[in-house]
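Notes follow once the structure below has been shown.
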Amino acid sequence: MEKRDYYEVLGIEKNATDDEIKKAYKKQAIKYHPDRNPGNKEAEEKFKEAAEAYEVLHDPQKRAQYDRFGFSGLNQNGFSGGGMNMEDIFSMFGDIFGGHAAGGFEGFSGFGGFGGFGRGNRSEQQYRGSDLRIKIRMSLEEIYTGIEKKIKVKKYITCPDCKGSGCEGNSGMETCYNCNGSGYVTKVRQSFLGMMQTQTPCTTCNGEGRIIKNKCKKCNGEGVIYGEEIIDIKIPAGITGDMIYTIRGKGNAGRRNGITGDIQVVIDEIPNDKFIRNEKDIIYNLLLSVPQAALGCTVEVPTLSGKASIAIEPGTQPGKVLKLRGKGIPAVKDYDSTGDGNEIIKISVYIPEKLTTQEREKLKELNDCEHFKPNEKITKTIFEKFKTFFN
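Residue 73 in the numbering used here sits at position 76 of the sequence shown, with consecutive numbering throughout.
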C-alpha cells in the first residue's frame, strides 16, 4: 500500500505544534485501537500508520528531514517505520496516555478526557488539496552548487472572489436541512433479525453538516479555481536523482480554505560531457601522451568548481587512479552526514594511430632501448590491474 503523507494521516497542518500532534495521535489511536476493532485488519493498519506518523512528527530531527525530503529523507537515515510491531507501538503509550504502556486500553475506562465513544459534536471537515509532482532538469554543475529559481506552476488556487469560502458575498453557510447539521443520516429497515439501523454520510452536504446559502459564481462554491502561481524553489547542493524534494504547502489548494497540498520535485540530471557520476564521486578520464606518462609532468584537470593542477609522476602507468578529495558532489546539508564526494582521475595513455616516417624511425630507436622493453614485473602489475575489471 502506498504511504500517505504523515500530516494527512493525523489530520493536522504542516505547522502543527507538538501538542497538536500528540492530541491528533491520541484521537487516531483510540479510534483504530485493536480492542475497539477486533479482527478488523483495516483498522489495525490505520492504527500502525498513525503510530508511524507520530513517531516521525514528534521527533524534531526526523520531522525536519521528512519536511524537506519526504520519505526518502527518512530512508537515507535508516528509519524503518513500516517495520513497527504492536509491541513497539504500545511502548509509546506511556508518553501519550499517561503511563499505560502495554497491553490494551483497559476497556478505555481510564482516560478521563476520552471517556466514551459517542459521536459527540461533529468537527468541521477540512479538505486537503492534492500534491503535485514536477520535474526539474539540472546539470552536474548545478547539482554541485544548488540552485534557486522561480517557476510557474499551473494548479488549483484559492478563489480570489470568495477568498476560498465558496460563498457569494457575505451569505455564509447554513445548517443542512437533510441531516440537521449532523453530517449523516439514519435509515431504519426491517430485516429477518428485526429492525436494523444504519448511518451513512449525508449526500446533501457531503457529511459537512452545513451547506452554502449562495454559491460563489466564480468557483461554483468550491473555493478554488484553476490558475497558476509563481513558486520559489531552492534545491540544495548535492541532491541526487532518486531523492524527491518536497516543498510543503505549495501544491493544489484545498476546497473551501482546506489544507494546501505539497509539491514534490523530481530531479532529472543532465548527462555531463566531462564527468561520469558514481553516487557522490565524479570520474574523469585523463588522457596523457607517452612522453608525459614516461617523463612526468604537471597538468590541469577540470573540476566542478573550476580547474586543479595535479602532478604526474615519471613512469605513470595506464589505469592508475588519482583522487582529489572533496571535489565531488557535496553532502546534502542536514541530511547526509557521510561527507563530500571525491573526484576520481583515471589515467589513460594515448598511443598515436598514424606516424610520419621520421616519427616511426625515432620509435624504432627507442624500441631497442632497455627501459622501453616491458619486464616481468611490469607485465604482472598490469595483469593484476586488468583482472580487477572482472571482479
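Where is the CB? At the ideal position from N, CA and C, for every residue including glycine. None of the values given here were measured: they were computed from a predicted structure.
Would you call residue i buried or exposed, if buried means 16 or more other Cβ atoms sit within 10 Å of its Cβ?
i	result
I185	Ile is not the amino acid found at residue 185; the sequence shown has Val there. Its Cβ having fewer than 16 others within 10 Å, V185 is exposed.
L129	buried
D2	buried
N203	exposed
G46	Gly is not the amino acid found at residue 46; the sequence shown has Glu there. Buried, since its Cβ has 16 or more Cβ neighbours within 10 Å.
G110	Since pLDDT at G110 reaches only 31, below the 50 mark, its modelled position is unreliable, and no value is offered.
Y4	buried
F44	buried
F102	The pLDDT assigned to F102 is 33, lower than 50, so where the model puts this residue is not dependable, and the model offers no usable value.
A250	buried
K351	exposed
Y347	exposed
H368	exposed
M135	buried
E49	buried
C176	buried
Y51	buried
G107	Note on G107: pLDDT 30, under 50, position unreliable in the model; the coordinate value appears next. With fewer than 16 Cβ atoms within 10 Å of its Cβ, G107 is classed as exposed.
I9	buried
L285	buried
Y29	buried
P406	This structure gives no information on residue 406, because the portion of the chain shown stretches from -2 to 388.
C216	buried
I227	exposed
G248	buried
Verify whether the separation of the beta carbon atoms of residue i and residue j is less than 8 Å.
i	j	result
G235	I154	no
K151	E225	yes
D337	G316	no
G219	G180	This sequence places Glu at residue 219; Gly is not what is there. Result no, Cβ atoms of E219 and G180 do not sit closer than 8 Å.
E39	P31	no
N339	K320	yes
L137	F272	yes
I241	G67	yes
I307	A290	no
R231	E145	The question names Arg, yet the displayed sequence has Lys at residue 231. Yes, Cβ-Cβ distance for K231 and E145 is below 8 Å.
G178	G206	yes
N275	K343	no
K277	G325	yes
Q62	L71	yes
L301	I267	no
R245	Y124	no
V318	P233	no
State the start and end residues of the unbroken beta strand (DSSP E) segment that holds residue i.
i	result
T237	Careful: T237 lies outside any beta strand (DSSP E) and carries neither H nor E.
Y390	There is simply no residue 390 to check, as the chain begins at -2 and stops at 388 in what is shown.
E171	M170 to T172
I208	R207 to I209
K304	G303 to I309
Go to residue i, then tell me how far its alpha helix (DSSP H) extends in each direction, as first and last residue.
i	result
T354	T354 to N364
V287	V287 to L292
L321	Here L321 belongs to no alpha helix (DSSP H); instead the beta strand (DSSP E) covers V318 to L321.
D15	D15 to Y29
D64	P57 to F66
K38	K38 to L54
L7	Y3 to L7
Hey, would you say the C-beta of residue i is under 7 Å away from at least one heavy atom of the ligand MG?
i	result
Q196	With respect to the ligand MG, the structure offers nothing, as it holds no ligand at all.
Q.
Using a Cβ distance threshold of 8 Å, determine whether the region 194 to 208 contacts the region 262 to 279, with at least three qualifying pairs required.
A. No: fewer than three Cβ pairs fall under 8 Å.
Q) Can you give, in chain order, each stretch of the alpha helix (DSSP H) that sits fully within the region 131 to 161 and has at least 4 residues? A) The qualifying runs are 137 to 142.
Q | Touching by the beta-carbon criterion (3+ pairs, under 8 Å), the region 168 to 180 and the region 210 to 219 | A | Touching, per the Cβ criterion.
Q.
Pairs of beta-carbons, one from the region 20 to 28 and one from the region 248 to 256, closer than 8 Å: are there three or more?
A. Judged by Cβ distances under 8 Å, the region 20 to 28 makes no contact with the region 248 to 256, as fewer than three pairs qualify.
Q | Completely contained alpha helix (DSSP H) runs for the region 252 to 289, where each covers 4 or more residues | A | Counting only runs of at least 4 residues, the region 252 to 289 fully encloses no alpha helix (DSSP H) element at all.
Q. Would you call the region 353 to 361 and the region 292 to 305 touching, i.e. three or more CB-CB distances under 8 Å?
A. Flag = no, the region 353 to 361 and the region 292 to 305 do not touch.
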